[in-house]
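Right, one structure below, let's go through it.
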Amino acid sequence: MCGHSSPSFVGIVIVFLSFSCSASLFSEETKYYFHHPENNFGSDLIFNPASLFLNGTFDILRNNGRPKNIYKIPYRTGVDNVIENLTHPVQNIEKYGWTNFVENEVFNTSLNPDKMQFLPNYTLHLIGNSMQYIKLAEWYQHHQYPYPYLLSLATTLGYQFMNEVIENWDYRGANVDPIADMLIFNPVGFLLFSTDWGKEFFSEQFPIYDWSGQPYYNPGNGFMENAGQQYSAKIQFRSASRTSFFIHWGVFAALGLSYRMKNDCSLSVSYGSISYHLNDHRDGAARIVTSLLKSGVGI
19 MCGHSSPSFV GIVIVFLSFS CSASLFSEET KYYFHHPENN FGSDLIFNPA
69 SLFLNGTFDI LRNNGRPKNI YKIPYRTGVD NVIENLTHPV QNIEKYGWTN
119 FVENEVFNTS LNPDKMQFLP NYTLHLIGNS MQYIKLAEWY QHHQYPYPYL
169 LSLATTLGYQ FMNEVIENWD YRGANVDPIA DMLIFNPVGF LLFSTDWGKE
219 FFSEQFPIYD WSGQPYYNPG NGFMENAGQQ YSAKIQFRSA SRTSFFIHWG
269 VFAALGLSYR MKNDCSLSVS YGSISYHLND HRDGAARIVT SLLKSGVGI
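The sequence shown maps to residues 19 to 317 in my numbering.
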């Protein structure tokens with residue numbers, strides 16, 4: 019264990035989460051921004067707490083850097099190391115280096131692929147995961163569960179923690195990725211999407227959609243297949259236009275066009291990059307994980 023804990027840092031995060039939940043709990047807003055119970059197809063049809071938990075927890079298994087057999091995951095090591103880093107963020111960031119932490123996990127203007135770890139923090143944790151936090155709360159609300167936002171927060175934090183556990187794998191030491199994800203970007207995203215402005219902007223002005231996988235377990239080999247969180251956005255060129263600018267991200271990052279046909283189905287074509295393998299290497303007392311990318315076309 020590293021030194022003393024950082025109660026003030028973690029305490030701020032807890033206050034942020036409590037504020038986010040309380041603001042939503044006492045809101046009289048009944049409009050559904052992201053949950054669409056009328057949709058009886060695709061990702062919306064199977065969306066529920068279990069599907070979100072599986073997609074979020076096992077998302078990293080899509081990359082070839084991790085085996086898909088869920089019985090061979092070193093859960094105990096991952097749990098211990100993630101807790102160690104989350105409860106001692108300052109000490110572990112110091113091992114990694116504050117400059118490295120800011121440049122790699124928060125923001126930089128470099129075009130170096132090895133320094134782009136911060137991009138998923140914005141697209142996945144700040145925006146995607148936070149949208150799903152509200153969507154799940156609306157799901158709980160629609161199904162008349164008590165305290166829907168508290169239930170959504172518990173479910174969301176649960177799968178995000180398990181996601182970090184599996185990403186950590188068998189590593190012991192300074193791992194700043196869960197620090198950035200769970201103590202910075204997720205809380206800020208929860209607060210953003212708990213505001214009326216955030217919900218309206220990302221559901222109307224810049225509408226984003228949950229396009230996650232349909233996970234299933236293969237008992238023959240112990241594999242968790244097709245689990246992963248994916249998102250899309252469509253921005254119409256004109257209010258009455260059938261053609262939209264199309265963005266798809268998750269394990270992919272693709273841009274293209276989408277055409278809405280007369281039956282309300284859409285045909286989308288995009289081009290971008292696919293993360294197909296994880297590079298796990300050490301930098302002094304800390305670990306750096308980067309993705310190998312290749313180009314791809316999606317239809």
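We treat Cβ as the ideally placed atom computed from N, Cα and C, and that holds for glycine.
Helix, strand or coil at residue i according to DSSP, with G and I counted as helix
{"i": "D62", "result": "helix"}
{"i": "M134", "result": "coil"}
{"i": "M242", "result": "strand"}
{"i": "R80", "result": "helix"}
{"i": "N297", "result": "strand"}
{"i": "Q159", "result": "helix"}
{"i": "N110", "result": "helix"}
{"i": "S286", "result": "strand"}
{"i": "H266", "result": "strand"}
{"i": "A198", "result": "helix"}
{"i": "Y165", "result": "coil"}
{"i": "A172", "result": "helix"}
{"i": "D214", "result": "helix"}
{"i": "Y235", "result": "strand"}
{"i": "Y140", "result": "helix"}
Distance, residue j Cα to residue i Cα
{"i": "Y294", "j": "N122", "result": "20 Å"}
{"i": "F125", "j": "Y114", "result": "16 Å"}
{"i": "F119", "j": "Q159", "result": "38 Å"}
{"i": "S45", "j": "V108", "result": "Since pLDDT at S45 reaches only 47, below the 50 mark, its modelled position is unreliable, and the value read off the structure follows with that caveat. Cα to Cα, S45 sits roughly 35 Å from V108."}
{"i": "H299", "j": "I184", "result": "16 Å"}
{"i": "P85", "j": "M242", "result": "10 Å"}
{"i": "V100", "j": "D77", "result": "17 Å"}
{"i": "N297", "j": "K280", "result": "45 Å"}
{"i": "F59", "j": "H106", "result": "44 Å"}
{"i": "V194", "j": "Q150", "result": "24 Å"}
{"i": "F219", "j": "S128", "result": "29 Å"}
{"i": "L104", "j": "N147", "result": "19 Å"}
{"i": "I152", "j": "Y167", "result": "8 Å"}
{"i": "T75", "j": "D282", "result": "32 Å"}
{"i": "N110", "j": "R256", "result": "49 Å"}
{"i": "E112", "j": "P196", "result": "15 Å"}
{"i": "M180", "j": "L210", "result": "23 Å"}
{"i": "R260", "j": "K49", "result": "26 Å"}
{"i": "P205", "j": "Y165", "result": "19 Å"}
{"i": "E102", "j": "G207", "result": "23 Å"}
{"i": "W267", "j": "F136", "result": "14 Å"}
{"i": "V97", "j": "Y177", "result": "12 Å"}
{"i": "L169", "j": "G83", "result": "32 Å"}
Own chain residues within Cβ distance below 7 Å of residue i, not counting five before or after
{"i": "H54", "result": "D62"}
{"i": "S230", "result": "S61, N73, G246, Q247, Q248"}
{"i": "K133", "result": "E121, N122, N126"}
{"i": "Q254", "result": "S262"}
{"i": "I265", "result": "S250, A251, L273"}
{"i": "I306", "result": "H299"}
{"i": "N87", "result": "N239, G240, F241"}
Burial state of residue i, where buried means 16 or more other Cβ atoms lie within 10 Å
{"i": "N236", "result": "exposed"}
{"i": "Q162", "result": "exposed"}
{"i": "V287", "result": "exposed"}
{"i": "Y89", "result": "exposed"}
{"i": "L154", "result": "buried"}
{"i": "S318", "result": "Here the chain has residues from 19 to 317 only, and residue 318 is not among them."}
{"i": "F65", "result": "buried"}
{"i": "N57", "result": "exposed"}
{"i": "L182", "result": "A small fix is needed here, since residue 182 is Glu in this sequence, not Leu. Label assigned to E182: buried."}
{"i": "A192", "result": "buried"}
{"i": "E222", "result": "exposed"}
{"i": "D199", "result": "buried"}
{"i": "F224", "result": "exposed"}
{"i": "W116", "result": "exposed"}
{"i": "A303", "result": "exposed"}
Neighbourhood of residue i by C-beta, 8 Å cutoff - its chain only, sequence neighbours within 5 removed
{"i": "F203", "result": "N139, Y140, H143, L144"}
{"i": "N244", "result": "G231, Q232, P233, Y234"}
{"i": "T173", "result": "P67, L70, F71, L154"}
{"i": "Y289", "result": "A272, L273, G274, S313, G314, V315, G316"}
{"i": "P92", "result": "W187, D188"}
{"i": "N81", "result": "V269, S293, Y294, H295, L296, S309"}
{"i": "L311", "result": "P131, S291, I292, S293, Y294"}
{"i": "T95", "result": "N186, W187, D188, Y189, R190"}
6 Å Cβ shell around residue i - same chain, five flanking residues per side excluded
{"i": "Y227", "result": "S250"}
{"i": "W157", "result": "H53"}
{"i": "Y51", "result": "K217, S221"}
{"i": "R278", "result": "R260, S284"}
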